[in-house]
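From first to last, the protein sequence lines stand for chains F and Y.
Under our numbering, the letters of the first sequence match residues 22 to 618, in that order.
Under our numbering, the letters of the second sequence match residues 4 to 345, in that order.
No residue lacks a Cβ here, since even glycine has one placed at the ideal position from N, Cα and C.
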Amino acid sequence: MSFPSKARGSWRTPNVASIAVAVGLIVMASAIAIFAPQYNVTLLVTVGLSAVAAMGLTLLLISGQVSLGQAAFMAVGAYVSAILARDHGFPAIFALLVGVAASAVCGVIVGGITLRLKGHFLPLATLAMGMACSAAIVAAGPMTGGASGLGQIPPLSIGRFELVDDRAFAIVVWSIVAVAAGGFSRLLNTRTGRAIAALKTDIEMAEVFGVNATRLRLLVFVVAATLAGLSGGLYAFYFKFISPAPFGLTSSINLLIACIFGGMSHPFGAVLGASAVAGLEMFLQNTVARMLGLSGNVEMIVFGVVLIGVLLRWPGGIWSALHRLWPVFSTSRPARNIELTPSKRGADGNDLLSINGIGKKFGGLTALRDVSFSVGADQIVGLIGPNGAGKSTTFNIATGLTAPSEGTVLLMGAPPPSRVSDLVHRGVSRTFQHVRIVPERTVLENVAFGAYAQGRSGMIAGMFGLDQAEEAATFAKAWRALEIVELDGLAHEPAARLAMGQARLVEVARALISRPRLLLLDEPAAGLRTGEKLKLVTLLHRLKRAGMSVLLVEHDMDLVMNCVDKVVVLDRGQGLMTGHPEEVRRDQRVIAAYLGA
Amino acid sequence: MLDTLLFLVADGITNGAVYGLLALSLIVIYTVTRVVNIAQGEYVTLGALSFASALSGTFSVLSALVAAGLAAFALRDVAEQRLTGTMRMRIVLSRALWILIVLATAWLANLLPGSYWLAVLASLVATASLGTLIYRLTVEPVSDASPIVLLIVSVGVYMVLHGTAVVIWGAEPRSVPPAVDGGVGLGPVFVTYQSLWICASSLVAMIALYLFSERTLTGQALQATAVNRTGAQLCGIPVSIAGQLSFAIGAGFSALSGLLLAPLITANYDMGLPIGLKGFVAAALGGIVEYPTALVGVLLVGLTESFSAYQVSAYRDVVVYLMVIPILLWRNAVRPPETHGH
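So this is what it looks like as structure tokens:
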């Protein structure tokens, strides 16, 4: 067991660096706000406001979603705040809060409707929604001022204090940028952050470990909408004039460009991107346009080229260049040795999984007919059969992913839960036939994600560091799980660098940390070398001694025969036989099925 | 009351015919290359504006730009190491011919101002060729990327084309004369000849596309690529050519819809995006993959648009844009798009 090579002094962590950057942002912005000429202060506010909205979009991108309508939520925040403060006599700060709340509510509504959309349907839906929002603002002329806009918005005030000074306003805006950027940066390496990253990799995998994917995706969408609303509301109170133009499709696209240009894997990318876009815009307006005598449309062409160029040649954006300076996330190995025993939930003495006469028809095709078997306490059961025998279908029915056409399944004495995210609470965990780990996170973080269901700390706790005790416990368990699969030497490696066999063991460790009573392994030996297979056999025996039951779906006969207590043989959708490995090995029907004789 | 109703139906069908061309363009491009092309509406703009300038006897700058782009790619292809002498020769000759056609149509339209057919030809050749250039520049280098990345790239293309249209033609709208002035009374409704011309041309273009897909080997190859890219590649269908062809068809069809529509709404740099998006709404009904469902979609969009223009005129576009959300939800429930690449 080697000592982790990349463990550093504890001050050089992403958490400390996040705070440092946040403080640095406030100091830098304050310095510019106090000493720079007026024109630059306006620019500073503009950049800060688009950074706030872009940060929401980056969080959305990190969770694997894309919106082409982010500016529409800015419009909601801006128009609601402005109309309430101007025409209905609301105190400005109150109007701003209502405006932000309104965009959050719009986020809930739009998100609730559109988040079930898959793939490219979501960006299309948000695009249409953004266009509809712009058209609606113009159409609702009497209230919104239509295309010509709405002026004479009162200044932002709290009680008697009026925020009329541009320089003070800039500092307020950048304080918000700093808190949000630092908070989100910290969030990435916490329980909720790991779940958000898992959503991007694979929604079903995230659900297996207890993430309510619909709710978390909605939460991220609403946070993005809220930040956009805040940005829009502040915009209205700063410029005191709003029109549909700054909240149209072009703005939504510019926010997306800021995120992608700056780097879409980290919240600081949004700040970098918003600054870079503003800088580029200024350069084009002042220098190129004046020199060549061309109007503002060159800007659009250049931004388009930047967007295409970055995506084609430099998908990590500016952040990827700074990324190597950023400390690698690491936690040191805990001193005390903790035990990863299965939780004692579920039926004691009874079978953990019992399958009775299940069948499955896909249309006219009968995939499975009258299959019965059970997995008892402290048992390793192997499910084998040639290709197309119905192993995967059986596996999916056992976990409740597919409903059987006939027969019953009892998991811990009850029918499988209707939601995948409840499986882990039953004491069931699994690995996947095609490895599903988060490639850009470290091995340790991938394993730590497995403990999601045991934690409680949410987004706010993660952003502001209120989750430290829970995180320490999670990482202690993650270290222990890595020791069990003997991968602790690779704890701080990015998961993308692992060989296939190692990645499969990371999946096993991730399943272990959720402390299952029943572990379902879907072809764990595929892609493993002989030595690794022997290790896997040893590991399975060790888990069994610790009180865990295992259902093993596997092609490799030798591996199965070496470690299971019971073999279930499927052939062409039917149970061929169930028995002790020795009996199965001698059975003529099994030999015929495998050799095709 | 009946008159109004019939008028709205006629109006809706005319709009639907325009969106139909857009929807087919989007489907051809999406099925073959998996690009959800946000930039599609810009080909409408470019088609209409280059048609307008060809008709008024100005040499189209777009044709010159496209010719230059084609020449640049021709040079790159010829410089390819692994080619034999005859293959090089063939590339040089075919590209030279292609460039010649682009320039010659533009030049002839310039010589004979006011010639409707020459202007149509010049505009279509230029925009269809532009489509192939866009494919080679922005899709081919990342053809293995996820549909989401391809979609965002197409947003960048939208910005470039949109900006270019303003730089070349300015922000002033241009009025375009219709193919034939006047109209005809169909029962109680007066329908302009241009509307009939739009419907007829769309119909002919759609039938031509159908025949091309079903009856020619190239069309079959395109369909094969749409069904399975890797499989098509293994069968010896060059994916790059298939992609370029789909972009050429998509750009040409959209340009056609633009130059047909221009006499009714004047050609201007901002006309493309809303038309493109309405084409999307229609195409989305068929998941951007099914032609017949998309044609139902265009009628639905066209009629919704003309009826909501009558009922809640100011909110017409709001209604049409929001239509896409129930359509996508329905489609998502019936047959969701593939989320993992291929």
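Original post:
Grouping DSSP H, G and I as helix and E and B as strand, with all else coil, what is Leu115 of chain Y?
Top reply: coil
**OP:** Assign Tyr33 of chain Y to one of two classes, buried (16 or more other C-beta atoms within 10 Å of its C-beta) or exposed (fewer than that).
**Re:** buried
Original post:
Does the beta carbon of Ala149 of chain F come closer than 9 Å to any beta carbon on chain Y?
Top reply: yes
**OP:** For Phe304 of chain F, count neighbouring Cβ atoms within 10 angstroms of its own Cβ and tell me buried if that reaches 16, exposed if not.
**Re:** exposed
Subject >> Other residues of its chain near Ser243 of chain Y: CB distance less than 7 Å, five sequence neighbours each side excluded >> reply: Glu143
**OP:** Measuring only between beta-carbons, confirm whether Pro339 of chain Y sits less than 9 Å from chain F.
**Re:** yes
Original post:
Between the segment 117 to 132 of chain Y and the segment 247 to 259 of chain Y, are three or more C-beta pairs nearer than 8 Å?
Top reply: yes
**OP:** Would you check if the distance between the CB atom of Leu389 of chain F and the CB atom of Thr429 of chain F is smaller than 9 Å?
**Re:** no
Original post:
Across which residues does DSSP place Asp543 of chain F in a beta bridge pair?
Top reply: F:Val574
**OP:** Only counting runs of 4 or more residues, tell me where the alpha helix (DSSP H) segments fall wholly within the segment 441 to 510 of chain F, in order along the chain.
**Re:** 464 to 470, 480 to 484 and 489 to 505
Original post:
At a cut of 8 Å, does the segment 117 to 131 of chain F reach the segment 250 to 265 of chain F through at least three beta carbon pairs?
Top reply: yes
Original post:
Can you find a heavy atom of the ligand GTP that lies under 8 Å from the Cβ of Arg566 of chain F?
Top reply: The ligand GTP is not among the ligands present in this structure, which contains no ligands whatsoever.
**OP:** Throw me the rounded Cβ distance for the Val145 of chain Y and Leu153 of chain Y pair, which I believe falls under 8 Å.
**Re:** 7 Å
Subject >> Alpha-carbon to alpha-carbon, Cys202 of chain Y and Tyr103 of chain Y >> reply: Inspection of the sequence shows that residue 103 of chain Y is occupied by Leu rather than by Tyr. If I take the Cα positions, the gap works out to 32 Å.
Subject >> Presumed contact (8 Å Cβ cut-off) between Tyr22 of chain Y and Gly305 of chain Y, rounded CB distance >> reply: 6 Å
**OP:** For the beta strand (DSSP E) containing Gly378 of chain F, list its first residue and its last residue.
**Re:** Leu374 to Phe383
**OP:** Pull up the distance between the alpha-carbon of Thr221 of chain Y and that of Val331 of chain F, whole angstroms please.
**Re:** 34 Å
Original post:
What first and last residue would you give for the beta strand (DSSP E) that runs through Ala388 of chain F?
Top reply: Leu386 to Val396
Subject >> Simplified DSSP state of Gly367 of chain F, which is helix, strand or coil >> reply: Confidence in Gly367 of chain F is poor, its pLDDT being 48 and thus under 50, which makes the residue's placement too unreliable to answer from.
Original post:
How long is the line joining the alpha carbons of Gln59 of chain F and Ile192 of chain F, rounded to whole angstroms?
Top reply: 14 Å
Original post:
Can you name the residues that DSSP bridges to Leu192 of chain Y?
Top reply: The sequence shown places Val at residue 192 of chain Y, rather than the Leu named in the question. DSSP lists Y:Leu189 as partners of Val192 of chain Y.
Original post:
Are at least three pairs of beta-carbons, each pair with one atom in the segment 280 to 294 of chain F and one in the segment 336 to 356 of chain F, less than 8 Å apart?
Top reply: yes
Original post:
Could you give the distance in angstroms between the alpha-carbon of Val81 of chain Y and the alpha-carbon of Leu143 of chain F?
Top reply: 42 Å
Original post:
Quick one: is Gly128 of chain F buried, meaning 16 or more other Cβ sit within 10 Å of its Cβ, or exposed?
Top reply: buried
Subject >> Members of the segment 95 to 114 of chain F that neighbour chain Y once the beta carbon cut-off is set at 7 Å >> reply: none
Subject >> Three-state secondary structure assigned by DSSP to Phe111 of chain F >> reply: coil
**OP:** Assuming Leu81 of chain F contacts Ala245 of chain F (C-beta within less than 8 Å), just tell me the rounded distance between them.
**Re:** 5 Å
Subject >> When F:Thr599, F:Ile134, F:Asn583 and F:Phe324 are compared against Leu331 of chain Y, the one with the closest alpha-carbon >> reply: F:Ile134
**OP:** Helix, strand or coil for Met569 of chain F, going by three-state DSSP, please let me know.
**Re:** coil
**OP:** Check each residue of the segment 294 to 305 of chain Y: if its Cβ is closer than 7 Å to any Cβ of chain F, include it; give the result in chain order.
**Re:** none
**OP:** Please check if any C-beta of chain F sits within less than 9 Å of the C-beta of Ile155 of chain Y.
**Re:** yes
Original post:
Roughly how many whole angstroms lie between the Cα atoms of Val68 of chain F and Phe350 of chain F?
Top reply: 29 Å
**OP:** Taking only beta-carbon positions, decide if Asn231 of chain Y is within less than 9 Å of chain F.
**Re:** no
Original post:
Asn210 of chain F to Ala474 of chain F, Cα distance in whole Å?
Top reply: 16 Å
Original post:
Of all the CB atoms in chain F, is at least one closer than 9 Å to the CB of Gly166 of chain Y?
Top reply: yes
Original post:
Would the segment 92 to 101 of chain F and the segment 221 to 241 of chain F be scored as touching if the rule is three or more Cβ pairs under 8 Å?
Top reply: no
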